[in-house]
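Residue numbers (the working numbering), protein chains in the order written: chain A, 1 to 232; chain B, 1001 to 1250; chain C, 2001 to 2053. Where a beta carbon is used, it is the ideal one built from N, C-alpha and C, also for glycine.
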Amino acid sequence: MNAATPQQPGMLVGLLAITRRDLLLAWKRPGDVLNPLFFFAMVCTLFPLAVGPSAEQLTFSGPGVLWVAALLATLLSLNSLFLGDHEDGSLDQLLVSAQPLPVLVLGKTLAHWLTSGLPLVLISPVLALTYRMPGNVMGVLMLTLLLGSICLSLLGSIGAALTVGLNRGTALLSLLILPLAMPVLLLGANTVSLAAGNELYSTGVWALAAYAVAAISLAPYATAAALRISNE
Amino acid sequence: MWKWFHKLASPPHIYRLAAIFIPWLAIPGLMLIAYGAYAGLFVAPEDYQQGDAFRIIYVHVPSAYLSMMAYMFMAFGGAIGLIWRMKLAHAVGAAAAPIGAAFTFLALVTGSIWGRPMWGTWWEWGDPRLTSELILLFLYFGYMALRSSIDDTAKADKACAVLALVGVVNVVIVHYSVVWWSSLHQGQTLFKEGGPAMDKSMLYPLLAMILGFTLLFGALLARRIRTEVLYRERRTRWVREMILSPEGGK
Amino acid sequence: MDALEMGNYGIYVWSCFAITLAVIVISDVQARLRHKQVYRAIEVRIKALEERQ
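Here's what the structure looks like:
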C-alpha cells in the first residue's frame, strides 16, 4: 500500500459509526422507541382484564404473557429498522459502502436492540411485579428477555430486509418473522416457568444463549443478502 | 454431458418433458395409492392398541412426509437458483410451495382427526409433531405471501429463496425446541404410530402409500412447473411460436 | 358392514381418507385451471399482436 492510498476505516470503526448514527436518529424520534414500550405495557394490562385478576392465574400465566407481549412489541418496533433509510435514500448508500454490508447491518441491528429490546428488558420487572412474580423468577425473566430480544432483533432484521419498501409490508413482516420467533418464545417463556416452579432451568438459558450467538454470527449475512435483493 | 444438462435446463424442453412425465408419474402413483389404501383399510389387521383408528396412518404419514419433502424442494430450488442463477430452479420452488402447503394442511387435519379418538381432543398442543407441522404451515404461507407481494419475478425468486433457506434452519430448530417443550409439559405420552414395530402386513401398504404419494407429488409438481415456465417465458419467441403453431402447446 | 364401522372409528378413518382425496383432487384441478388460464391469457395477447401486423 503506497502513500497515495488512503487507509480505509476498519470494520470496528464502521460498526461503531453506524450504531452511533442510528442511536442519534432514534434519539430524534422518541416515538419509535416509546411506542413499542407502551404497547408492551398495554398488552400486559389486557390479559388480566380479559381473564380476570385471580392471583393464582396471574402468577401462573405471568411468564407466558410477559414473553408474548415482549415478542409482539418487538415485532412492532422492527418496522422502523430499515424504513427511515429506505425512505431517504441512505439505504442505497449503505449498499455501496466500502464497509461489508453484514457489518453495517449488525451495527443497525445493535442500535435497534439498544432502543427496543434493552428498554423492554429494563421495564419488564415493573410489569412482572403486577403479575406477582417473585424476585428470583424476575431475574430469570430478565435474563431470558435479554438473550431472547437479541435473537428477535436479529431474526427480525431478516424479515424487515425482505419486506422493506413493500406496501402492507408490516403485516407480511409479522407473518414472516413469527415462525422464526417461535422457538425463542418457547425457550424463553418456558425457562421462566421452570424457574417459577423451582425446577432446573439452565438448559433453556444455555439454549437461548446458543441461539443468540448463532443469530449474531449468521443473521447479518442473511439480512445483507435480503437487503441487496430488495433494493436491486 | 454438460450439453445434455444445458439442454435439459432450457425452458421449452422442460415444458415438453414435464408434460410427458405427468402421466408416467401419476399413473403408477395412483396405482400404488389404490393398492396401499385398499390393503391399509381392509387387509391389514387392526392395531393392538388403537383398533381400526390406526388406519389413518396410511394418509397421515405420507402427507406429513411430503409436507417436508416439498419444503426441501423449495429450499434446494432456491439455493440452486441463487448460487447457479438457474431460473428454472426458482420455478421449481415456486411450484412446490402450494403443493407443500396442501400436504401440510392434510397432515394437520388428519393428525387432528386421529387425535380425537386417541387423545379425546381435536388438538394437542403438547404433541411436538403437530405443533412443528403447524409452524411449517406458517412458513409456507409466509413464502407464498412474500412471493405474491413482490411484482418483479426475479426479485421475488431471490427473496423467497432467502426466506426458504432461513426457514430450513428454522425447521430444524423448531423441531428440537418443540420436542423439549412438550417433554416439559408431558401429560400425554407421545403418540407412536402403529406401535413399536410394524407387522409386515401393516408396513407394506404404508410403504406403498408413501411411494405412491411421492410419485403423485412429482406429477402435481410437473404440472405446476409447466405453468410456471409458461408464465415466466410468456414473452419469448419459443412460446409465441408454440402457441401460433397448429397443435398449440397445452 | 364392518368396513364402514371400523370398530366405531369409522367416521374418523373415512373422513381422513375422504379429505385426503378431496385435497389432492382440488390441488390437481386448480393446477389445471390455472394452467389453462395462463395459457389463454398469453394466447389472447399473442393473437392480438399477430392481428396488428
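- Residue pairing by DSSP places B/Gly-1051 opposite B/Asp-1047 in a beta bridge.
- The residue from B/Val-1174, B/Gly-1115 and B/Val-1162 with its alpha-carbon nearest to that of B/Ser-1132 is B/Val-1174.
- Among the CB atoms of chain A, one or more fall inside 8 Å of the CB of B/Ile-1150.
- About 6 Å separates the Cβ atoms of A/Leu-76 and A/Phe-39, confirming a contact at the 8 Å cut-off.
- When Cβ pairs closer than 8 Å are counted between the two stretches, the stretch 1141-1148 of chain B is seen not to touch the stretch 1050-1065 of chain B, the count staying below three.
- For B/Leu-1244, the nearest beta carbon of chain C is closer than 8 Å to its own beta carbon.
- A distance of 8 Å or more separates the beta carbons of B/Ile-1014 and A/Pro-179.
- A/Asn-231 carries a coil assignment under DSSP once its states are collapsed to helix, strand and coil.
- Within the stretch 1106-1134 of chain B, the residues whose Cβ lies closer than 8 Å to any Cβ of chain C are, in chain order, Leu-1106, Val-1109, Thr-1110, Ile-1113, Trp-1114, Arg-1116 and Pro-1117.
- Following the DSSP letters along the chain, one finds C/Trp-2014 inside the alpha helix (DSSP H) bounded by residues 2010-2052.
- Note that the C-beta distance between A/Leu-172 and A/Leu-166 is below 8 Å.
- Taking 8 Å as the CB threshold, B/Lys-1087 stays off the interface with chain A.
- Taking C-beta separations shorter than 8 Å and ignoring five residues to either side along the sequence, the partners of B/Phe-1105 in its chain run Leu-1137, following chain order.
- Pairwise C-beta distances place the stretch 217-229 of chain A out of contact with the stretch 1064-1079 of chain B, as fewer than three of them are shorter than 8 Å.
- Not flagged as an interface residue toward chain A: B/Ile-1083, since no C-beta distance is shorter than 8 Å.
- Cβ atoms of A/Leu-155 and A/Ile-123 stay farther apart than 8 Å, at about 22 Å.
- Using a Cβ distance threshold of 8 Å, B/Val-1043 and B/Ser-1201 count as a contacting pair.
- About 14 Å separates the Cβ atoms of B/Gly-1126 and B/Ser-1177, ruling out a contact at the 8 Å cut-off.
- In this structure, the beta-carbon distance from A/Leu-106 to A/Leu-227 does not fall below 8 Å.
- For B/Phe-1103, none of the residues of chain A pass the 9 Å Cβ criterion, the least Cβ distance being about 17 Å.
- For the options A/Thr-19, A/Glu-199, A/Ala-215 and A/Ser-149, the alpha carbon positioned closest to that of B/Leu-1184 is the one of A/Glu-199.
- In its chain, beyond the 5 residues on either side, Leu-1221, Arg-1224, Ile-1225 and Glu-1228 have a beta carbon closer than 6 Å to the beta carbon of B/Ala-1095.
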